[in-house]
Amino acid sequence: MKKNIFSSAFWPLLLAIVFAFGYFFGSFTPKKQKLSLGNFPLNKQSKLNQIIDYIDNEYVDSTDREKLVDQTIENLLQKLDPHSYYITAAELQAMNEPLEGSFEGIGVQFSIQKDTVVVITPISGGPSAEVGIAAGDRIINVDGELVAGTGIRNADVMRLLKGEGGTLVNLEIQRSGTESLLPFSITRGKIPIYSVDVGYMINDTTGYIKISRFSRETFNEFQDKYTSLLGRGMTKLVLDLRGNGGGFMDAAINIADQFLAEDQLIVYTEGRARKRKDYRASSNDDLLNVDLAVLIDESSASASEIVAGAIQDNDRGVILGRRSFGKGLVQEQSSWFDGSATRLTIARYYTPAGRCIQKPYDNGLKAYHKEVYDRYENGEFESDDSTALADSTVYKTISGRIVYGGGGIMPDNFIPIDTAGASILLSRIFYSGNFYQFAFDYADKHREELVRHGNAENFVNDFEYTGKVENAFRAYLKKKNLEIVEDDYKRSFEIISARIRAGIGRNIFGDEAFFPILHEIDTVLRESVSAQLN
Numbered sequence: 004m005k006k007n008i009f010s011s012a013f014w015p016l017l018l019a020i021v022f023a024f025g026y027f028f029g030s031f032t033p034k035k036q037k038l039s040l041g042n043f044p045l046n047k048q049s050k051l052n053q054i055i056d057y058i059d060n061e062y063v064d065s066t067d068r069e070k071l072v073d074q075t076i077e078n079l080l081q082k083l084d085p086h087s088y089y090i091t092a093a094e095l096q097a098m099n100e101p102l103e104g105s106f107e108g109i110g111v112q113f114s115i116q117k118d119t120v121v122v123i124t125p126i127s128g129g130p131s132a133e134v135g136i137a138a139g140d141r142i143i144n145v146d147g148e149l150v151a152g153t154g155i156r157n158a159d160v161m162r163l164l165k166g167e168g169g170t171l172v173n174l175e176i177q178r179s180g181t182e183s184l185l186p187f188s189i190t191r192g193k194i195p196i197y198s199v200d201v202g203y204m205i206n207d208t209t210g211y212i213k214i215s216r217f218s219r220e221t222f223n224e225f226q227d228k229y230t231s232l233l234g235r236g237m238t239k240l241v242l243d244l245r246g247n248g249g250g251f252m253d254a255a256i257n258i259a260d261q262f263l264a265e266d267q268l269i270v271y272t273e274g275r276a277r278k279r280k281d282y283r284a285s286s287n288d289d290l291l292n293v294d295l296a297v298l299i300d301e302s303s304a305s306a307s308e309i310v311a312g313a314i315q316d317n318d319r320g321v322i323l324g325r326r327s328f329g330k331g332l333v334q335e336q337s338s339w340f341d342g343s344a345t346r347l348t349i350a351r352y353y354t355p356a357g358r359c360i361q362k363p364y365d366n367g368l369k370a371y372h373k374e375v376y377d378r379y380e381n382g383e384f385e386s387d388d389s390t391a392l393a394d395s396t397v398y399k400t401i402s403g404r405i406v407y408g409g410g411g412i413m414p415d416n417f418i419p420i421d422t423a424g425a426s427i428l429l430s431r432i433f434y435s436g437n438f439y440q441f442a443f444d445y446a447d448k449h450r451e452e453l454v455r456h457g458n459a460e461n462f463v464n465d466f467e468y469t470g471k472v473e474n475a476f477r478a479y480l481k482k483k484n485l486e487i488v489e490d491d492y493k494r495s496f497e498i499i500s501a502r503i504r505a506g507i508g509r510n511i512f513g514d515e516a517f518f519p520i521l522h523e524i525d526t527v528l529r530e531s532v533s534a535q536l537n
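Numbering (our numbering), first residue to last: 4 to 537.
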């Protein structure tokens, strides 16, 4: 007997499909509103509903109806544009956590080493730090379950350690210098996922802040960093958005707001079903008189491009690096009763000069995602003469400078990819993971000695890649059967030295030691400081 196509069992599966069709027919969905079938025309529901019901009843092999529905929605949204997509209930929490800025767990950064979970660092202020978990501790048992020497994976560790806030987890820890296992009872709590990686003073007057994504907490983190740097004498700032793929639009607007005078246009959005909406600077101009350089590259997208575009079009600072990704579409997330969600493009955003920097996507998804690689192949990473602008329309900044739309934000100062110091040896060390592994092993073995530096700043200034550190690394590479070609080693010495020092520093003092050391070999950062000085 045929099943009723509107049976209660089928409703949860149909919801997301109907939602997707609803947008085709002009339905307006407020952000995060959960939808019901009543929002959409019945005849449009019925056609798709009947097709899936027909497949479920008549197809030659058995089918997983829920999986079929998920795949249908995914393919449907994918046909619209590269940034509209469907998220299953199982995927949603993991995707939202970095943007929400927190999750619930015990609060440790860990690494699986030799089949054992090793604490890299307890997160400051988190439950583990409060009970005395320390860097270098080995987690042997979790709630009576042996996790050492069992082939455990990262996903397994996360499953055991994460959980609802207020719940208890019992650990048994092996600590260097102690013979017996140490028991710890930890109450899970809210753990921050930081989106501002680091903030420090490059010199007496120049601050540096790196933002890796735009989450719900990004502005608060950014404000904490710049307030601290202003207190240390900052009059110039390098804002690093390289590798930042975007996030919440509001976070980007709030950050751009700090640099602009009241009522200056930051960005505006407009779509077929959405009227133009302007976002203007408020009176929150803490950084209005701070000289600004913004760093971008081919991985700077979306919210990052909103910030860069606002600064560039208002002639507020200098943009340095390479052409940004080129994502000028705005998505809205809507949730479904089964826990799934859709992110649908509902508008384009435009920089203050009126530019839409979205790169073309009419050649399909594969070509769209390959476009950045094509830039590399065409020589664009090495020369701005190789840059092909997708939109020849000329726009002007408030001072009359010419800028272009389409295909990303072009920097004011192009800085090519740095190939000095590159070698086959360097590539082999890097891609085999040996920088990371040696840094961990060395830090773990010499932890007590390294901690005596006291803080990240002292470590950065005092720790050198000489003597026993270099000898230890050479011996490590030999043990890994990685031949050291001396000409390559000399050519890449500066990079090798910085990578080892930075990796060891991160294992002991975190990102506050890691980034300042890597920046010693960062040509884009050096150029940005030079541009501000001049």
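Note that CB positions come from ideal geometry on N, CA and C, so glycine has one too.
All of these numbers come straight from a predicted model, not from anything done at the bench.
Determine contact between the segment 213-221 and the segment 238-257, defined as no fewer than three beta-carbon pairs at a distance below 8 Å. yes
State the start and end residues of the unbroken beta strand (DSSP E) segment that holds THR119. 119-125
Alpha carbon to alpha carbon, how far is TYR398 from GLY357? Give it in angstroms, no decimals. 7 Å
Supposed close pair ALA446, ASN510 - CB separation, criterion 8 Å: 4 Å
In this structure, what does DSSP give as the bridge partners for GLN334? THR348
Between which two residues does the beta strand (DSSP E) carrying LYS193 extend? 192-195
May I ask you to list the residues that DSSP assigns as paired with LYS213? VAL201 and ASP243
Which same chain residues, not among the five before or five after TYR282, have their C-beta less than 7 Å away from its C-beta? ILE256, ILE269, VAL270 and TYR271
C-alpha gap between LYS448 and LEU528, whole angstroms: 33 Å
Out of curiosity, what's the CA-to-CA distance linking SER179 and SER302? 41 Å
Can you tell me whether PRO186 is helix, strand or coil according to DSSP? strand
Measuring alpha carbon to alpha carbon, tell me which residue in VAL333, THR230, SER285 and TYR229 is nearest ALA276. VAL333
Stretch-stretch touch, CB-based, cutoff 8 Å, three pairs: the segment 103-112 with the segment 185-197: yes
Can you tell me whether DSSP reads PHE466 as helix, strand or coil? coil
State the beta-bridge partners of LYS280 as determined by DSSP. THR272
Using only alpha-carbon positions, find the residue among SER183, ASN99, SER131 and THR400 that is nearest to GLU220. ASN99
Could you check the C-alpha separation between GLY166 and GLY152 for me, to the nearest Å? 23 Å
Let me make sure I understand the geometry here. Which of ARG404, LEU83, SER495 and ILE142 has the alpha-carbon closest to that of ILE314? ARG404
I need the DSSP call for VAL488, collapsed to helix, strand or coil. coil
When MET204, ARG319, PHE433 and ASP243 are compared against GLY234, the one with the closest alpha-carbon: MET204
Could you check whether THR209 and VAL463 sit closer than 8 Å to each other, using their CB atoms as the reference points? no
By how many angstroms is the C-alpha of ALA425 removed from the C-alpha of SER495? 6 Å
Do three or more CB pairs link the segment 67-75 to the segment 172-186 at distances below 8 Å? no
Can you give me the C-alpha to C-alpha distance between LEU80 and LEU368, rounded to a whole angstrom? 12 Å
Per DSSP, ARG529 is paired with what? In the DSSP output, where bridge partners are listed per residue, ARG529 has none listed.
Straight-line CA distance for LYS362 to LYS330? 7 Å
Answer yes or no: do GLN177 and PHE443 have a C-beta to C-beta separation smaller than 8 Å? no
Kindly indicate which three-state DSSP category ASP318 falls into: helix, strand or coil? coil
TYR364 versus ILE299: straight-line alpha-carbon distance, rounded: 22 Å
Taking the beta carbon of ASN317 as the centre, do at least 16 other beta carbons fall within 10 Å, making it buried, or is it exposed? buried
Beta-bridge pairing of ASN437 - partner residues as DSSP gives them: Paired residues: none, contrary to the question.
Distance check for ILE487 and PHE433, CA to CA, integer angstroms please. 14 Å
Distance between GLN74 and PHE512 (C-alpha atoms, nearest Å): 44 Å
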